[in-house]
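Chains S and W, in that order, give the protein sequences. First residue of the first sequence? That's 30 in the numbering used here, and the numbers climb one at a time after it. First residue of the second sequence? That's 107 in the numbering used here, and the numbers climb one at a time after it.
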Amino acid sequence: MMKIENLKASIDGKEILRGLNLEVKPGEVHAIMGPNGSGKSTLASVLAGREEYEVTEGSVTFNGQSLLDMDPEIRAREGLFLAFQYPVEIPGVSNMNFLKAAVGEMRKHRGQDPLTAKEFLALVKEKSALVELDGQLANRAVNEGFSGGEKKRNEVFQMAMLEPTLAILDETDSGLDIDALRIVAQGVNAMRSPERSFVVITHYQRLLDYIVPDVVHVLYKGQIVKTGPKELALELEEKGYDWIKETVA
Amino acid sequence: MEILDEITGKEYEFGFTTNIESDKIPAGLNEGVIRLISQKKNEPQWLLDWRLDAFKIWQNMQEPEWAHVQYTKPDFQAISYYAAPKSKPKINSLDDLDPEMRKTMDKLGISLDEQKRLNGIAVDFVMDSVSVATSFKEKLGELGIIFCSISEAIQNHGELVQKYLGTVVPKKDNFYAALNSAVFTDGSFCYIPKGVKCPMELSTYFRINEGGTGQFERTLVIADEESYVSYLEGCTAPQRDENQLHAAVVELIALERAEIKYSTVQNWYPGDKEGKGGVFNFVTKRGLCDGYKSKISWTQVETGSAVTWKYPSCVLKGDYSVGEFYSVAVTNHFQQADTGTKMIHIGRNSHSTIISKGISAGKSNNSYRGLVQINPSAQNARNFSQCDSLLMTDQCGAHTFPYIEVNNSTAQVEHEATTSKIGEDQIFYCLQRGLDEEQAISMIVNGYAKEVLNKLPMEFAVEAQKLLAISLEGSVG
Chain S
30 MMKIENLKAS IDGKEILRGL NLEVKPGEVH AIMGPNGSGK STLASVLAGR EEYEVTEGSV
90 TFNGQSLLDM DPEIRAREGL FLAFQYPVEI PGVSNMNFLK AAVGEMRKHR GQDPLTAKEF
150 LALVKEKSAL VELDGQLANR AVNEGFSGGE KKRNEVFQMA MLEPTLAILD ETDSGLDIDA
210 LRIVAQGVNA MRSPERSFVV ITHYQRLLDY IVPDVVHVLY KGQIVKTGPK ELALELEEKG
270 YDWIKETVA
Chain W
107 MEILDEITGK EYEFGFTTNI ESDKIPAGLN EGVIRLISQK KNEPQWLLDW RLDAFKIWQN
167 MQEPEWAHVQ YTKPDFQAIS YYAAPKSKPK INSLDDLDPE MRKTMDKLGI SLDEQKRLNG
227 IAVDFVMDSV SVATSFKEKL GELGIIFCSI SEAIQNHGEL VQKYLGTVVP KKDNFYAALN
287 SAVFTDGSFC YIPKGVKCPM ELSTYFRINE GGTGQFERTL VIADEESYVS YLEGCTAPQR
347 DENQLHAAVV ELIALERAEI KYSTVQNWYP GDKEGKGGVF NFVTKRGLCD GYKSKISWTQ
407 VETGSAVTWK YPSCVLKGDY SVGEFYSVAV TNHFQQADTG TKMIHIGRNS HSTIISKGIS
467 AGKSNNSYRG LVQINPSAQN ARNFSQCDSL LMTDQCGAHT FPYIEVNNST AQVEHEATTS
527 KIGEDQIFYC LQRGLDEEQA ISMIVNGYAK EVLNKLPMEF AVEAQKLLAI SLEGSVG
């Protein structure tokens, strides 16, 4: 699915990722944990193609192609989805129109015919139920005036609509209360399949009670310093990130 | 973002000219020219006297310099003030039109017979200074609605023209209004009789065609008591190297309980990427809410012209009268726009709303200039103004000049203003969902302008959305 080798990236001349390696196979769920400033969100941004980050070394292969050579919209159409930590508001643009355009581009890229209005609405109904998103939100402007929880649910709803092969969830649990967390996790779990992989970036173990990962990685100073089974997350929670810092030192 | 420069280079899509022989008088302006225009148009004596009076006033006026724009002043002696297509057809059927003109209309996407059948819009097409096609006249005639060129109105409805011409925009109002009053050659006239709701959108497409010919249209719309009309005005101009002057005057009059909705999509040639060429658009548009509960609503989408100077205004004379101004003004490259409105409250309980959305790109300058004036008689008057500016680059400018004069303590006036830069985060969010950059910008900008676009009639709204997208392609930086 995706293979990252010796990835180095910097912003404004400051190196954030310092030779990161990661391989995600189809159907796997990987959790990436780490203290603040370890490079978690940078990794998500680099993979999605934000241009303020400069990749100085390394490679990323995505479904057999070089991900770093693709424009951000092509990465998306090839099946890479990023659930944003801070979803932006786009005033005046309805969620529906936004998704209709996005779904249209995905289908065009895959050589599929566009959905009819009826098919599209049916899809919206089916997918919005996954995250218990009420019909009202679908008709409002993209994220405008949404609560923190609604924004995150909207991200998962969009993910369900776009059916990516690889979804990166960037601190999707931040700012969520326990009910919203459960709903978001349900949505993600419903989408798990042998063909679809997830990279779940989180600061806290809490989310991983709901989305159970196959592998847990610890990111520190721009490198993955420890990899283990799901129990690693619990150990981290118990011992804190200082334990990692000491181990690495 | 490199693709930006590449697409910003998009040339004006409607830059083409039509070869039609013109009956054109030599350049220059003096009393003799005005007499000649009036004579060619077979006008009554009162109108000739009116024109000559306006000319005298104009000669004693100075070109205004207060607007936040810079340009080379036009040489008024280098302009030809009259050009009429030589073969002036009497139109019964659209098939009688000069094939060249038909082609022009097709390029503009307004094949008249198509429109006639599909859209139910009566189109009064102004090519140069003489209108050559007016459709749907019969149907409107049955309701007593008069919709024709102002020249025809002068011939056939002289008393109405004489009664209202210059009552909202007097000859001495300003430099360009005086000039227009002296030399206007054509324009549109519309009269809606008492109690009649005009069943279709009345639409006029303007087009500057003859090189070096200034256009001085005169539009007069009168809505009699308890009537309603929605009037659409749209413009595209062919590409020209020299600057072209466009100084129109539009007067609206709404009597008791009447409503006029006036929508404009303006796309005059803005000049090339270096700021060369382009139309000067110095327009005076004003509406008079003359009666109790009368209403005038201006909606405009401005994407064209090199220099724009335009303030569609409302004089709220009637008690409980309502004035509205909804505007989206886009400037790109070296375009300059100084636009806004004036709401003059005279009547008791008169209300006005101003929503202005400026979008600046390239190295352009976009100014909002608005006056809200509450006169002592305007008991309980209310105004709400919202002026937003969206910046697409670091090199463009957005300016807001709100003037508020309140002379009645019962009035309520609210003013809100915001300035924001188009968000790279917003664009990236769209890209991550598979949209390309052009789609993203088009979507974000249309969302920003939605409040105004929603006020446009359906057919126009679609056109306006496309226009916004075309005008701003690849303009973020």
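Quick reminder that beta carbons are idealized off the backbone N, C-alpha and C, glycines included.
Roughly how many angstroms lie between the CA atoms of residue i and residue j, to the nearest whole one?
i, j, result
"isoleucine 273 (chain S)", "alanine 73 (chain S)", "22 Å"
"leucine 358 (chain W)", "tyrosine 337 (chain W)", "11 Å"
"glutamate 192 (chain S)", "asparagine 552 (chain W)", "27 Å"
"serine 473 (chain W)", "glutamine 441 (chain W)", "11 Å"
"aspartate 542 (chain W)", "glutamine 252 (chain S)", "32 Å"
"glutamine 145 (chain W)", "leucine 158 (chain W)", "13 Å"
"glutamine 183 (chain W)", "threonine 370 (chain W)", "30 Å"
"phenylalanine 534 (chain W)", "tyrosine 375 (chain W)", "32 Å"
"glutamate 5 (chain S)", "lysine 37 (chain S)", "Nothing can be reported for residue 5 (chain S), as the shown portion of chain S is limited to 30 through 278."
"glutamate 171 (chain W)", "proline 180 (chain W)", "13 Å"
"valine 512 (chain W)", "serine 483 (chain W)", "11 Å"
"leucine 153 (chain W)", "glutamine 268 (chain W)", "8 Å"
"alanine 284 (chain W)", "valine 139 (chain W)", "15 Å"
"isoleucine 158 (chain S)", "aspartate 243 (chain S)", "Checking the sequence, you will find alanine at residue 158 (chain S) rather than isoleucine. So the two alpha carbons sit approximately 26 Å from each other."
"isoleucine 212 (chain S)", "leucine 162 (chain S)", "10 Å"
"glycine 301 (chain W)", "glycine 247 (chain W)", "15 Å"
"threonine 325 (chain W)", "alanine 288 (chain W)", "14 Å"
"glutamine 479 (chain W)", "arginine 79 (chain S)", "49 Å"
"lysine 391 (chain W)", "isoleucine 465 (chain W)", "22 Å"
"glutamate 266 (chain S)", "glycine 63 (chain S)", "11 Å"
"asparagine 35 (chain S)", "glycine 56 (chain S)", "23 Å"
"threonine 194 (chain S)", "proline 563 (chain W)", "43 Å"
"lysine 137 (chain S)", "asparagine 126 (chain S)", "16 Å"
"glutamine 215 (chain S)", "tyrosine 249 (chain S)", "29 Å"
"glutamine 545 (chain W)", "threonine 201 (chain S)", "27 Å"
"threonine 506 (chain W)", "glycine 48 (chain S)", "50 Å"
"glycine 264 (chain W)", "tyrosine 188 (chain W)", "21 Å"
"aspartate 238 (chain S)", "tyrosine 432 (chain W)", "52 Å"
So which residues of chain W does residue i contact, with C-beta pairs closer than 7 Å?
i, result
"methionine 135 (chain S)", "Gly540"
Check the Cβ of residue i against every Cβ in chain S and list those closer than 9 Å, keeping chain order.
i, result
"isoleucine 550 (chain W)", "Ile119, Pro120, Gly121 and Val122"
"tyrosine 426 (chain W)", "In chain order: nothing, as chain S lies at least about 31 Å away."
Mind listing the chain S neighbours of residue i? Cutoff is C-beta to C-beta under 8 Å, in chain order.
i, result
"glycine 529 (chain W)", "Val117"
For a contact meaning CB atoms closer than 7 Å, what does residue i contact in chain C?
i, result
"lysine 556 (chain W)", "Here chain C cannot be found, since the structure's protein chains are S and W."
As a quick exercise: from the options, pick the residue whose alpha carbon is nearest that of residue i.
i, options, result
"alanine 412 (chain W)", "W:Gly264, W:Tyr177, W:Met306 and W:Val512", "W:Tyr177"
"histidine 246 (chain S)", "S:Glu52, S:Ile119 and S:Leu152", "S:Glu52"
"lysine 181 (chain S)", "S:Gln165, S:Leu210 and S:Ala170", "S:Leu210"
"glutamate 184 (chain S)", "S:Lys156, S:Ile207 and S:Asp208", "S:Lys156"
"glycine 424 (chain W)", "W:Gly384, W:Ser466 and W:Glu365", "W:Glu365"
"leucine 198 (chain S)", "S:Arg47, S:Leu111 and S:Glu107", "S:Leu111"
"arginine 448 (chain W)", "W:Gln406, W:Leu477, W:Gly429 and W:Lys527", "Just to set this straight, residue 448 (chain W) is lysine in the shown sequence, not arginine. Of W:Gln406, W:Leu477, W:Gly429 and W:Lys527, the residue nearest in Cα terms is W:Leu477."
"alanine 60 (chain S)", "S:Leu49, S:Ala219 and S:Leu236", "S:Leu236"
"serine 255 (chain W)", "W:Gly134, W:Asp279 and W:Thr291", "W:Thr291"
"glutamate 179 (chain S)", "S:Leu76, S:Lys69, S:Gly42 and S:Phe113", "S:Phe113"
"isoleucine 260 (chain W)", "W:Ile547, W:Pro418, W:Tyr297 and W:Arg363", "W:Tyr297"
"serine 90 (chain W)", "W:Gln485, W:Thr525, W:Gln532 and W:Ala504", "Look at the range of chain W in this structure, 107 to 583, and you will see that residue 90 (chain W) is not part of it."
"lysine 561 (chain W)", "W:Asp396, W:Ala353, W:Ile461 and W:Ile143", "W:Ile461"
"aspartate 279 (chain W)", "W:Ser491, W:Phe161, W:Arg141 and W:His457", "W:Phe161"
"isoleucine 550 (chain W)", "W:Asn455, W:Leu497 and W:Tyr282", "W:Leu497"
"histidine 457 (chain W)", "W:Glu137, W:Ser400, W:Ser427 and W:Glu408", "W:Ser427"
"glycine 468 (chain W)", "W:Arg475, W:Lys527 and W:Asp494", "W:Lys527"
"arginine 539 (chain W)", "S:Glu44, S:Val132 and S:Ser67", "S:Val132"
Going along chain W in order, which residues have a C-beta closer than 8 Å to the C-beta of residue i?
i, result
"proline 101 (chain S)", "Phe534, Leu537 and Gln538"
"leucine 191 (chain S)", "Arg539 and Gly540"
"arginine 106 (chain S)", "Gly540"
"leucine 111 (chain S)", "Gln538"
By the criterion of Cβ-Cβ separation under 9 Å, what are the contact partners of residue i in chain W?
i, result
"alanine 170 (chain S)", "Gly553 and Lys556"
Please list, in chain order, the chain S residues whose beta carbon lies closer than 7 Å to that of residue i.
i, result
"glutamine 545 (chain W)", "Ala130"
Count the CB pairs spanning the stretch 255-265 of chain S and the stretch 77-96 of chain S that are closer than 8 Å, and state whether there are at least three. The stretch 255-265 of chain S makes no contact with the stretch 77-96 of chain S; the number of CB pairs closer than 8 Å stays below 3.
Mind listing which residues of the stretch 72-91 of chain S have their C-beta closer than 7 Å to chain W's C-betas, in chain order? Ala77 and Arg79
Counting pairs of Cβ atoms below 8 Å between the stretch 196-211 of chain S and the stretch 93-106 of chain S, do you hit three or more? No: fewer than three Cβ pairs fall under 8 Å.
Between the stretch 218-238 of chain S and the stretch 169-177 of chain S, do three or more beta carbon pairs fall short of 8 Å? no
Residues of the stretch 176-204 of chain S with Cβ closer than 9 Å to any Cβ of chain W, in chain order: Gln187 and Leu191
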